[in-house]
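If you're matching them up, the sequences are chains Z and A in order. Going left to right, the first sequence walks through residues 9 to 102 as the working numbering numbers them. Going left to right, the second sequence walks through residues 9 to 102 as the working numbering numbers them. Where a beta carbon is used, it is the ideal one built from N, C-alpha and C, also for glycine. See below for the structure under consideration.
Number of protein chains: 2
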Amino acid sequence: MFKDLDPLLHSQLRLGIMSILMAVEHADFTYLKEKTNATAGNVSVQIDKLEKAGYIKVAKSFRDKRPLTTCKISKTGIAAFEKYVNHLKTYINK
Amino acid sequence: MFKDLDPLLHSQLRLGIMSILMAVEHADFTYLKEKTNATAGNVSVQIDKLEKAGYIKVAKSFRDKRPLTTCKISKTGIAAFEKYVNHLKTYINK
DNA sequence: TAAATTTGGTTTATATTGTAAACTTGTTTA
DNA sequence: TAAACAAGTTTACAATATAAACCAAATTTA
């Protein structure tokens, strides 16, 4: 009846990050932080988890002498997100 | 951009219970336990939380000499569920 | 009829999380 | 050059989900 919801995506902040990354080509740390209204520490931790799961790719560089963390969703991440959304529908079905 | 997701509903099991209660007039403990594939302890705890939040009404009686716990969603619960679903849409928007 | 099993739960313990506060490293500004 | 700021990371804590253990009453079995 109810499909299991991927615990990695069933988290407000991680879902928000993934939702943004589904819509844009890539996003940097500060952008994600602002759009989600989350604290930096929280964003940092959740980006790590998503990266470790292979849902996103993270690249670190410098822009204007300052660190720049750029995130991009992976194929695995897209698949996981779509699966999660489908599973959600078994709960909210309409 | 992203709306907050009611933490009480953003839980796989509680969402499953509420989803069932949105669809039926009322449901008893064993039915909820079976449909959600959860353990009795887990169902018991989550029913308590939903009741304390005023999202469901719980009635205890006896059927065939055995305890019977019956749950029914409240108006507050219906409103909360609908709000949750709308907020979810800001994440999965499509 | 005493013991074992089943039913319908509740309570308790634990392991996992989510989260923010505190910290770090480097840069800009006053 | 001290203070403030930027961009994160690490750490600590509180909250949560979950299942194991437990309980009481009824039923079945030996």
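query: Which residues in chain Z sit within 7 Å of V93/A, going by Cβ to Cβ distance?
result: Near V93/A (Cβ distances below 7 Å), the residues of chain Z are I100.
task: State the Cα-Cα distance for the pair P75/Z and M9/Z, rounded to the nearest angstrom.
output: P75/Z and M9/Z: Cα-Cα distance of roughly 47 Å.
query: From S69/A to L29/A, what does the alpha carbon distance come to, in whole angstroms?
result: If you take the alpha carbons of S69/A and L29/A, they lie about 19 Å apart.
query: Should the region 45-63 of chain A be called in touch with the region 89-98 of chain Z, which here means at least 3 C-beta pairs below 8 Å?
result: At 8 Å Cβ cutoff, the stretches do not touch.
- request: Could you please give the first and the last residue of the uninterrupted alpha helix (DSSP H) stretch that includes L13/Z?
  value: Looking at the DSSP string, L13/Z is not in any alpha helix (DSSP H), and its letter there is neither H nor E.
message: Here's the rule: buried if 16 or more other CB atoms are within 10 angstroms of the residue's CB, otherwise exposed. What is R71/Z?
response: Label assigned to R71/Z: exposed.
message: Which residue marks the beginning of the alpha helix (DSSP H) containing T78/A, and which one marks its end?
response: T78/A -> not in any alpha helix (DSSP H); beta strand (DSSP E) instead, spanning R74 to I81.
query: Using a Cβ-Cβ distance under 7 Å, would F37/Z count as near chain A?
result: No, no contact with chain A.
query: Can at least three beta-carbon pairs, one atom from the region 80-91 of chain A and one from the region 29-41 of chain A, be found at a separation below 8 Å?
result: Below 8 Å, enough C-beta pairs join the region 80-91 of chain A and the region 29-41 of chain A to call them touching: three or more.
message: Considering just the uninterrupted stretch of the beta strand (DSSP E) at V51/Z, what are its terminal residues?
response: No beta strand (DSSP E) contains V51/Z, which is instead part of the alpha helix (DSSP H) from A48 to K60.
- request: Could you name the residues of chain A that L23/Z contacts, counting a contact when the two beta carbons are closer than 7 Å?
  value: Neighbours of L23/Z in chain A, taken as residues at a C-beta separation under 7 Å, are given in chain order as Y99.
- request: Report the rounded CA-to-CA distance for V53/Z versus L40/Z, giving the unit in angstroms.
  value: CA-to-CA, the gap between V53/Z and L40/Z works out to about 13 Å.
field: Extent of the continuous beta strand (DSSP E) run through V66/A
entry: Counting along the chain, the beta strand (DSSP E) containing V66/A begins and ends at I64 to R71.
task: Could you round the C-beta distance between Y99/A and G24/Z to whole angstroms and report it? I think they count as a contact, below 8 Å.
output: Yes, Y99/A and G24/Z are in contact; Cβ-Cβ is about 6 Å, under 8 Å.
message: Please determine whether the Cβ atom of V53/A lies at a distance below 6 Å from any heavy atom of the ligand SAH.
response: This structure simply doesn't include the ligand SAH, nor any ligand for that matter.
message: Is there a C-beta anywhere in chain A that falls below 7 Å from the one on K57/Z?
response: No, no contact with chain A.
query: Exposed or buried, K67/Z, counting other C-beta atoms within 10 Å across all chains shown (16 or more means buried)?
result: Looking at the sequence provided, one finds Ala at residue 67/Z rather than Lys. A67/Z is classed as exposed because its beta carbon has fewer than 16 other beta carbons within 10 Å across all chains shown.
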